[in-house]
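Sequence positions in the sequence shown follow the working numbering and run 2 to 359. Where a beta carbon is used, it is the ideal one built from N, C-alpha and C, also for glycine. These notes concern the structure reproduced below.
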Amino acid sequence: MPAPLVELLAVARFAGDETLRVLPVFLLSVGLGVLIRQLEMDAMIRRAFDARVGLAILLATAVGAFSPFCSCTVIPVVTGLLLSGVPLAPVMSFWVASPTMDPEIFALSVATLGWPLAVARLLATLAVSLGAGWLTLALTRSGVLATHALRVPAPARAAVRPLATIPVAATVGGGGGATTRLASLPVRRLVDAPASGACCAPRPSAPAAGGWADLIVASARRIRWSEFVRGVGVESVRLGRWLLLAFVLEAVIIRYVPQAAIARVLGADSMLAVPLAALVGIPLYLNNVSALPIVSGLLGQGMQSGAAVAFLIAGPVTTVPAMAAVWGTARPRVFALYVGVAIAGAIAAGVVTSAVLG
Numbered sequence: 002m003p004a005p006l007v008e009l010l011a012v013a014r015f016a017g018d019e020t021l022r023v024l025p026v027f028l029l030s031v032g033l034g035v036l037i038r039q040l041e042m043d044a045m046i047r048r049a050f051d052a053r054v055g056l057a058i059l060l061a062t063a064v065g066a067f068s069p070f071c072s073c074t075v076i077p078v079v080t081g082l083l084l085s086g087v088p089l090a091p092v093m094s095f096w097v098a099s100p101t102m103d104p105e106i107f108a109l110s111v112a113t114l115g116w117p118l119a120v121a122r123l124l125a126t127l128a129v130s131l132g133a134g135w136l137t138l139a140l141t142r143s144g145v146l147a148t149h150a151l152r153v154p155a156p157a158r159a160a161v162r163p164l165a166t167i168p169v170a171a172t173v174g175g176g177g178g179a180t181t182r183l184a185s186l187p188v189r190r191l192v193d194a195p196a197s198g199a200c201c202a203p204r205p206s207a208p209a210a211g212g213w214a215d216l217i218v219a220s221a222r223r224i225r226w227s228e229f230v231r232g233v234g235v236e237s238v239r240l241g242r243w244l245l246l247a248f249v250l251e252a253v254i255i256r257y258v259p260q261a262a263i264a265r266v267l268g269a270d271s272m273l274a275v276p277l278a279a280l281v282g283i284p285l286y287l288n289n290v291s292a293l294p295i296v297s298g299l300l301g302q303g304m305q306s307g308a309a310v311a312f313l314i315a316g317p318v319t320t321v322p323a324m325a326a327v328w329g330t331a332r333p334r335v336f337a338l339y340v341g342v343a344i345a346g347a348i349a350a351g352v353v354t355s356a357v358l359g
């Protein structure tokens, strides 16, 4: 048999074996992701911001880390929140957490990277998002950041069609009783994007209920199980293509990239491994699904764990399409804070991970 064909079969066999290995967790995570979208979390997201700013930062981080947003859908949601008068600090926490982590990605991280790195990635996401919120709060209080974070002029703000009128704390310092109405929030058509198609595909949602328990119960009762089954099938195909491609790339890395080269650049002896991994995601990061097998292959070739976490934290936030969308939406100082917090936080998380896990 010709040598090229032997190599091709070896790569295909590796990709097939890895696909079968993660298939149960993959299907479980896809089902979880579709179920979360069926739960119509737009009302829960608005409720997270219905608090004083300190508590709102905590809630926004939690909701962001467990909501099914990608880099595409989070931009319009953030814009709607800011246009409606929500303070920038909790919005920044949500902004950083949302594209970086969700239950589906956590499950896939466990399957491909193992529990230690998956938990490290989750904790890093929460820490960086909380830090982004508190830093934004401090900069807003000191006057470094303007009250209005968006490039949208005042007439355009007034022209946004209201979709909800839920009271939201408007005082940046968290004190007092001043409130604004959470109107003009174009999130309903974005949160529950169906699995068929891109992450920005629209689908209407139901009106908000009263408290947290009411929101969850009402959303659970509205689950359409036929759509859920169909969504799992379509989403499995959509994400599975990326995952299969990523396993092929992992096989190529393992078979053809010299281990010494990876160890020299991203290994434990390289002082630049963590910052380099955080920065390389800007041009190279594709999406959360395809990144995992590639990182797994690099880890097998000598990449240090901290560099892996830095890449996985910074990549979704600073990838070129995401930054282009943020630049077109936010003022320059807010854009600089968004990118700076993501990169600096990823590097700090990577350094801590390397110190703990080695």
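Query                                                                                                                                                  : Result
Does DSSP classify VAL151 as helix, strand or coil?                                                                                                    : Correcting the residue identity first, residue 151 is Leu in this sequence and not Val. Three-state result, LEU151: strand.
Determine the DSSP secondary structure at TRP331, reduced to helix, strand or coil.                                                                    : The identity of residue 331 in the sequence shown is Ala, whereas the question assumes Trp. Strand at ALA331.
Taking the alpha-carbon positions, what's the ALA90 to VAL129 distance?                                                                                : 13 Å
One question on the structure: do PRO294 and THR101 come within less than 7 Å of each other, judged by their Cβ atoms?                                 : no
Quick check on SER99: does DSSP put it in helix, strand or coil?                                                                                       : coil
Who are the near neighbours of ILE348 in its chain, counting only those whose CB is closer than 7 Å to its CB and skipping five residues on each side? : VAL275, PRO276, ALA279, ALA311
Grouping DSSP H, G and I as helix and E and B as strand, with all else coil, what is ILE224?                                                           : coil
Could you tell me the boundaries of the alpha helix (DSSP H) in which ARG53 lies?                                                                      : First-last for ARG53: undefined, no H or E at that position.
Taking all protein chains shown into account, decide if VAL322 is buried (16 or more other Cβ within 10 angstroms of its Cβ) or exposed.               : The question names Val, yet the displayed sequence has Pro at residue 322. Exposed.
Between VAL340, MET304, VAL145, which lies nearest to GLY359 when the distance is taken from Cα to Cα?                                                 : MET304
So, is SER227 buried or exposed, given that buried needs 16 or more other C-beta atoms within 10 angstroms?                                            : exposed
Under 7 Å, do GLY86 and VAL233 count as touching if we go by C-beta distance?                                                                          : no
Is it true that the region 17–29 meets the region 107–117, where meeting means three or more beta-carbon pairs spaced less than 8 Å apart?             : yes
Roughly how many angstroms lie between the CA atoms of MET402 and PRO284, to the nearest whole one?                                                    : Outside the shown range of the chain (2 to 359) lies residue 402, about which nothing can therefore be said.
Quick check: the Cα distance between ILE106 and TRP96, rounded to an integer number of angstroms?                                                      : 17 Å
Helix, strand or coil, according to DSSP, for ASP18 in the structure here?                                                                             : helix
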